[in-house]
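Q:
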Amino acid sequence: MSTHHEIPATPETMVLGYFDAALAPILTVESGDTVTLHSHPAGGRESLHPDSSRLPADLTAALDTLKPGPGPHFVTGPVHVRGAEPGDMLQVDILDLKFRLDWGFVAILPLLGTLPDEFTDYETVHADIDVARGVCRLPWGTELPLDPFFGILGTAPPAAWGRVGTPVPRAFGGNMDNKEMRVGTTLYLPVFNPGAGFYAGDGHGVQGDGEVCITALETGLTGTFRLTVRKDLRGVWPFAETPTDLMSIGLHETLDEAMRQAVREMVRLVCARTDLTRNQAYMLCSLAGNLRITQTVDGNKGVHMLMPKAALAQKG
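Sequence positions in the sequence shown follow the UniProt record's numbering and run 1 to 316.
Below you can see the structure in the form of structure tokens.
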């Protein structure tokens with residue numbers, strides 16, 4: 001039987017702005033266990049809500065205590081999954097997401113975003129989050145449906161890389177900012193170190209594909225995940241599946257190469273799940289696959305392809 005674990009959002013259970021394979025685990029679990037972890041929004045003190053009564057004590061404690069790394073993201077972890085070894089995949093089932101805050105922020109920041117030379121009137125605004133109604137309300141009155149997900153989901157990077165900043169998504173996952181990582185999605189992450197070292201953070205209340213201004217609706221989330229070691233899936237690159245689609249992930253400095261990687265990975269995934277040839281899988285990607293721009297602001301840009309699972313069913 002699996003065991004459930006709870007991880008609070010305290011300075012002892014998180015780091016600020018980096019991943020590092022050398023960090024000691026904050027928790028050790030068995031394969032198949034579930035973990036509920038709490039997180040804080042990305043950003044520093046300048047991003048906090050101006051009403052101090054809306055700031056949880058654990059958020060201010062984390063800001064007062066944790067030494068910043070090269071990135072702006074609080075990440076909770078690492079969680080050691082017993083039995084995970086390099087070359088395995090860690091299956092991360094996203095079971096539940098809840099808001100920890102009744103606000104989030106959106107910002108335009110120096111030298112960041114998709115159009116940094118055109119938007120130099122830097123600004124941070126705060127939106128109210130109404131969980132009961134399922135919407136956020138922006139300062140100019142627009143209401144948008146809430147659609148929460150964690151921008152950062154990853155395993156510990158290869159030990160040879162040393163300490164790695166949180167902003168750039170890489171082979172271990174990390175700051176992918178993929179809005180498809182909602183409840184019901186399963187993410188598969190490569191394992192580079194014994195125990196995997198699972199992290200999560202960078203809660204988003206809602207985001208469009210692209211995340212063009214540099215932020216989503218940045219907020220605090222609580223997430224529940226099932227962590228399962230998959231020794232039958234050997235790989236060095238993340239992929240995912242939703243209830244309806246298989247998802248490949250491309251990450252590169254250029255959108256062109258990220259797109260090529262997403263297509264190449266989808267061909268590989270389709271061949272692994274069917275008896276189609278590479279040519280047939282490539283043609284199927286052209287007929288049924290849907291390329292989407294994940295984000296354009298994290299150093300390595302993201303493109304993902306969604307392939308309807310119904311298209312993978314083969315008639316005898």
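Note that CB positions come from ideal geometry on N, CA and C, so glycine has one too.
Nothing here was measured: the structure is a model prediction, and the numbers come from that model.
Please list the terminal residues of the continuous alpha helix (DSSP H) segment that includes D256.
A: Position 256 of the sequence shown, counting from 1, holds the residue named residue 256. Per DSSP, D256 belongs to the alpha helix (DSSP H) from 255-273.
Q: Three-state secondary structure (DSSP) at Q280?
A: Along the sequence shown, one-based indexing puts residue 280 at 280. DSSP places Q280 in helix when its eight states are reduced to three.
Q: Given 8 Å as the limit, is there contact between the stretch 238-257 and the stretch 177-191, that is, 3 or more CB pairs closer than that?
A: Yes: the two stretches touch, three or more of their Cβ pairs being nearer than 8 Å.
Q: What span of residues does the alpha helix (DSSP H) with A57 cover, start to end?
A: As a working note, residue 57 is residue 57 in the sequence shown. Start and end: 57-65.
Q: Whose CA, out of D20, T76, D102, G83, lies closest to the CA of P56?
A: Numbered from its first residue, the sequence shown carries residue 56 at position 56. Checked all of D20, T76, D102, G83; the closest Cα to P56 is D102.
Q: Verify whether the separation of the beta carbon atoms of G134 and L217 is less than 7 Å.
A: Start at 1 with the first residue of the sequence shown, and residue 134 comes out as number 134. Start at 1 with the first residue of the sequence shown, and residue 217 comes out as number 217. Not a contact, by the Cβ cut-off of 7 Å.
Q: If you pair each beta-carbon of the stretch 41-60 with each one of the stretch 76-94, do three or more pairs fall below 8 Å?
A: Cβ pair count under 8 Å is below three, so no.
Q: Is there contact between the stretch 103-118 and the stretch 197-217, where contact requires at least three CB pairs shorter than 8 Å?
A: Yes: at least three Cβ pairs fall under 8 Å.
Q: Ends of the beta strand (DSSP E) at M307?
A: One-based indexing of the sequence shown puts residue 307 at position 307. Counting along the chain, the beta strand (DSSP E) containing M307 begins and ends at 301-308.
Q: At 4 residues or longer, and completely inside the stretch 50-135: list those alpha helix (DSSP H) runs for me, N to C.
A: Taking only runs of at least 4 residues, the alpha helix (DSSP H) segments lying wholly in the stretch 50-135 are 57-65.
Q: Can you tell me the Cα-Cα spacing of L112 and G302, whole angstroms?
A: In the sequence shown, the residue the question calls residue 112 occupies position 112. In the sequence shown, the residue the question calls residue 302 occupies position 302. Cα to Cα, L112 sits roughly 16 Å from G302.
Q: Since V183 is in the beta strand (DSSP E), which residue starts that stretch and which ends it?
A: Along the sequence shown, read from residue 1 onward, the residue named residue 183 stands at position 183. No beta strand (DSSP E) contains V183, which DSSP labels as neither H nor E.
Q: If you draw a straight line from the alpha carbon of V236 to that of E265, how long is it in whole angstroms?
A: Here residue 236 refers to the residue found at position 236 of the sequence shown. Here residue 265 refers to the residue found at position 265 of the sequence shown. One C-alpha to the other measures close to 11 Å.
Q: Is the Cβ-Cβ distance between L153 and A84 less than 7 Å?
A: Start at 1 with the first residue of the sequence shown, and residue 153 comes out as number 153. Start at 1 with the first residue of the sequence shown, and residue 84 comes out as number 84. The answer is no: Cβ separation not under 7 Å.
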